[in-house]
Every structure is written in C-alpha cells, then in structure tokens.
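A short write-up of the structure that comes next.
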Amino acid sequence: MKVLVINCGSSSLKYQLIDTDTEEVFVSGLCERIGIDGRLVYKPANGEKRIFDDPLPDHKVGVKNVLDAITNPEYGVIKSLDEIDAIGHRVLHCGEAYSCSVVIDDEVIKNIEGANDLGPLHNPANLIGIAACQALMPEKPQVAVFDTAFHQTMPKKAAIYALPYEYYTKHRVRRYGFHGTSHSYVSKRTIDVAGLDKNNSKVIVCHLGNGASVSAVLNGKSVDTSMGLTPLEGLVMGTRSGDIDPAIVQFIMKKENLNIDEMLNVLNKKSGVFGVSGVSSDFRDLEAAANEGNERAQLAREMFAYRVVKYIGAYTAAMNGVDAITFTAGVGENDGKIRKAIMDNFGYLGIKIDDEKNSLRGKEVVISTPDSKVKVLVIPTNEELAIAQETVELVKNL
Ligand code: ADP
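Right, dumping it as structure tokens:
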C-alpha cells in the first residue's frame, strides 16, 4: 500500500510517500515557514531535489502544493492521488485516550483536542494537518499515530508522580513518555533480530538523539520510560537538562532573576550537553572538542553516558533482568564510543561487546559477542516507516 506520512509542526510540515510492501520511499520533504512566506522542499528518490518558494499562507496550501508536486507530470512520483491508499499522521499526544494508533474520526479529533493542554506546541498543529488532508482528500482513510500511545501500558506505579494524587485526577499530571513510535518499532525489531520470544522478553531501548529517552519493554509492552509529563525529564539531552532536583528551579530563578518561562527555556534549550560543554549540542562537535582537550566537552559526554547507564541499571532491576539492550537514533546509531562507554559498565550482567561490530554505523547489527549474556544491538529507527506500517495495519481491512 502507498501511505502518505504527515508530521505537522506549528510552521512546518514534513512528508513522505512510502510503499509499505517494498519499504520504498518515493519522495520525502517538507514545507517550511508556513504562514510566514513559504518554502517547499521536494526530494524524490529517483530525481533531483527541488525547492519551491511559492507562498504558503497556511497548512492547507502546504498540503495542496505537496499533492500537486507528487502528481506533477514532469517530476511527480505518482500519476494521480488515487494511488495513495491512506494518510498516516504523527500526533504528539492523546492523553490517556489510546494505547495504540487509531483511524481518525470525529471522536478521535475531539480526544486530540482534549489533550491540547498536554501538548500545547504540537497537538494544535497536528490537528491543522489532519484538517488540511481531510479537506483535500475527504475519501481517504486517515490514521493518527501517537508519540505517547506506546507507553500507555505502563503500570500506575511507574506512571504516577509522588505528588498530591488530585493533580493526576484533576489535571492529568502523570508520566506519559514520548518517542513512542520509535520505542515500539525498535523494540519489535529487537525481538525479531535477537530471536526472542515476544511473550517472554525483556528489552531496553535507548533512543539517543538530540532528544533522548530510554524505555523498558516487557513482553512487547512499555512498562517504564524516562520522559515524563513532558520530554524534559530523564536523560541528559542535547539541550535539555533531564532529571534535576526540582528545587533548583526556584533557587536559580531567584539568583538569576528569571521568570518561570525563562527558567523553562533554560532547562529545555540551554542545558544538557550544550549547557555543560558550552560548545555544542551535537555529539560530533563534542567529540572533536574533547579530542582537543576541552574538559567540559569531555565531561558532557561522560555525564550523558552515565545517565544512560543509570537508567539501564534501573530498568534491568524493574524488569528483574534484561535479554536485549538496543541503541537507536542519531547518537545511538552513530556514536560507537558512547555505546562502548555505556556498555563498559555492564560487565556484571555478563555483557561483552564486539569492538569491530560496534564500529559499524547506521546498520541493524548485534554488537555483543556470541557469548555475551545479554544481546546488545543497534537498530536504526525509522519513525516514518513505522507510521506507514501502523496506518496499513488499521486501514487494510476497512
Ligand atoms: P532528533 O530527531 O532528536 O533531532 P536525531 O536522532 O536526528 O535527533 O539525532 C541528532 C543527533 O545525533 C545530532 O545532534 C548528533 O549529536 C548525533 N549524531 C548524528 N550523526 C552522528 C555521528 N556520526 N556521530 C555522533 N553523533 C552523531
């Protein structure tokens, strides 16, 4: 089936057209600066990249221009829109409404709206993208694939914060977790590649990108994850602090004379390995700086790895063991040194890393030795393909 995958931000719209049978990506690209001026980037797999500067006053015009481009007689990738079987939308948040992807109808839209306060930057934009596609392709089935849904299987003891309980019942303050599409896809691939029995499997997925999170996946279901009510909790990230003592917030606000929005901006955009190193949020830059003797860049890398070690240790304990640990996303797929630094702490679990395999990049590979007691893998994440596959699962029998 051919699925158009849409990921809408407040002023952007990323798209891919994917054949789920062959996993071929016909075209990918994005609309940028929607509502400002407009820029459409169009990258067909078998043709040259094009950039169009037509105005994009709103997302509907963005979707229309994408559809026009992919069906263009000269440089399009399909002859007509009839060839598109369904549309899969990446949607940030569904609150507690769903634990899986769903075919979009009026009730689903109401539930996404109902989670707007939990995802104030993304959910309204996701809804705009859905409305634009519905207006232009009313007869096509549309599916919402939620970033939070995979983690809805977490038990309450993992999801509820030790705050007054009415904050949960009144305001829905709890751990939701994010990167769900990636954790779901990568944990499934891990079970297949490592040859595990899904119903008797303990997997830890380390999604280490600019945003980063770890999940504990027991028998195919998420039972804990490091991001919380928002993506700020958990690991040290590119620019996010991850876990800190919450009292630091008031302490720094007073010392630096910041208001709460400024403080949250510091925690989200100026912290993490960027804040510690003062160099960059990009691990390639940090490695280069550390190699030149920059101690803070080295410290940032060590802190990043140490936090991952702590989460893996915690989730191994939470599941009473672990069969496989998988690395994914930009850092997890590419930075063998970070992977090694993390895994060096797990000799006590009987983990042994094959240095040659660990030096490979961007491939599905088992990087542990055959006699390692726990399998360690690298599985490149592919959120767009996962969204397309989930979409097909839901629409194939409609
Ligand atoms: P996100 O989707 O959260 O923006 P990605 O998963 O694309 O992030 O990861 C981006 C990060 O991956 C970059 O900021 C960089 O730190 C890291 N990265 C990408 N390529 C490499 C590489 N070859 N070596 C080390 N780190 C890399």
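Residue 936 is where the sequence shown starts when you use this note's numbering, and the numbers rise one by one after that. Beta carbons are placed, not taken as given, at the ideal position from N, Cα and C, and that holds for glycine. Note that this is a predicted model, so its numbers are computed, not measured.
Next item on the list: Classify P954 as helix, strand or coil using the three-state DSSP reduction.
Entry: Note that residue 954 is Asp in the sequence shown, not Pro. It is a strand residue.
Margin query: With three or more C-beta pairs closer than 8 Å as the rule, is the stretch 1203-1219 touching the stretch 1168-1179?
Written below: Below 8 Å, enough C-beta pairs join the stretch 1168-1179 and the stretch 1203-1219 to call them touching: three or more.
Item checked: Paired residues, beta bridge with T1344 - DSSP -> The question about residue 1344 has no answer, for the chain in this structure spans 936 to 1333.
Check: Helix, strand or coil: which one does DSSP assign to H1024?
Finding: strand
Next item on the list: Report yes or no: do three or more beta-carbon pairs, one from the stretch 1112-1122 and one from the stretch 1141-1148, lie closer than 8 Å?
Entry: Touching, yes.
Check: Any idea which residues DSSP pairs A910 with across the strands?
Finding: Given a span of 936 to 1333 for the chain in the structure shown, any question on residue 910 remains unanswerable.
Next item on the list: Determine which residues share a DSSP beta bridge with A1060 and list them.
Entry: A1060 is not bridged to any residue.
Check: To which residues of the same chain is L1053 closer than 8 Å at the C-beta, ignoring the five residues directly before and after it?
Finding: H1028, G1030, R1107, Y1111, L1164
Next item on the list: Please report the Cβ distance between S974 and I986, rounded to the nearest whole angstrom; I am assuming they are in contact, meaning their Cβ atoms lie under 8 Å.
Entry: Here residue 974 is Arg; the residue named in the question, Ser, does not match the sequence. With a Cβ gap of about 6 Å, R974 and I986 count as contacting.
Item checked: Pairwise C-alpha distance: S1148 and T1304 -> 25 Å
Notebook entry, point to check: Quick one: is the Cβ of N942 within less than 7 Å of any heavy atom of the ligand ADP?
Noted result: no
Margin query: Here's a check: name, in chain order, each residue in its chain whose Cβ is nearer than 7 Å to the Cβ of H994, leaving out the five neighbours to either side.
Written below: Only C943, L948, I969, I1063, G1064, A1067 meet the Cβ criterion.
Checklist line | Burial state of P1008, where buried means 16 or more other Cβ atoms lie within 10 Å | finding: Flag for P1008 reads exposed.
Next item on the list: For T1326, collect the residues of the same chain with a Cβ closer than 6 Å to its Cβ; drop the 5 residues on either side in sequence, then sort them by chain order.
Entry: V938, A1021, G1023, V1078
Note to self: For L1002, which residues in the same chain have their Cβ closer than 7 Å to its Cβ, ignoring the five residues on either side in sequence?
What the structure shows: L1016, L1071
Notebook entry, point to check: So V1080 and I1322 are in contact, right, with Cβ under 8 Å, and what is the actual spacing, rounded?
Noted result: 4 Å
Note to self: Given this structure, state the Cα-to-Cα distance separating D988 from R1242, to the nearest angstrom.
What the structure shows: Rounded to whole angstroms, the gap between the alpha carbons of D988 and R1242 is 44 Å.
Next item on the list: Spatial neighbours of N1134 within its chain, please: CB distance less than 7 Å, with the 5 preceding and 5 following residues excluded, ordered by chain position.
Entry: N1154
Note to self: Among K978, A1093, K1189, whose alpha-carbon lies nearest the alpha-carbon of C966?
What the structure shows: The residue with the shortest Cα to Cα distance from C966 is K978.
Check: So who's on the other strand from S963, going by DSSP bridges?
Finding: Q951, K978, per the DSSP bridge assignment.
Notebook entry, point to check: Whose C-beta lies closer than 8 Å to the C-beta of T1316 among residues of the same chain, with five residues either side of it excluded?
Noted result: S1117, Y1120, V1121, H1142, T1263, A1264, E1268
Notebook entry, point to check: Run through DSSP, which three-state label would L1284 get?
Noted result: helix
Checklist line | Buried or exposed (CB count within 10 angstroms, at least 16 for buried), I1005 | finding: buried
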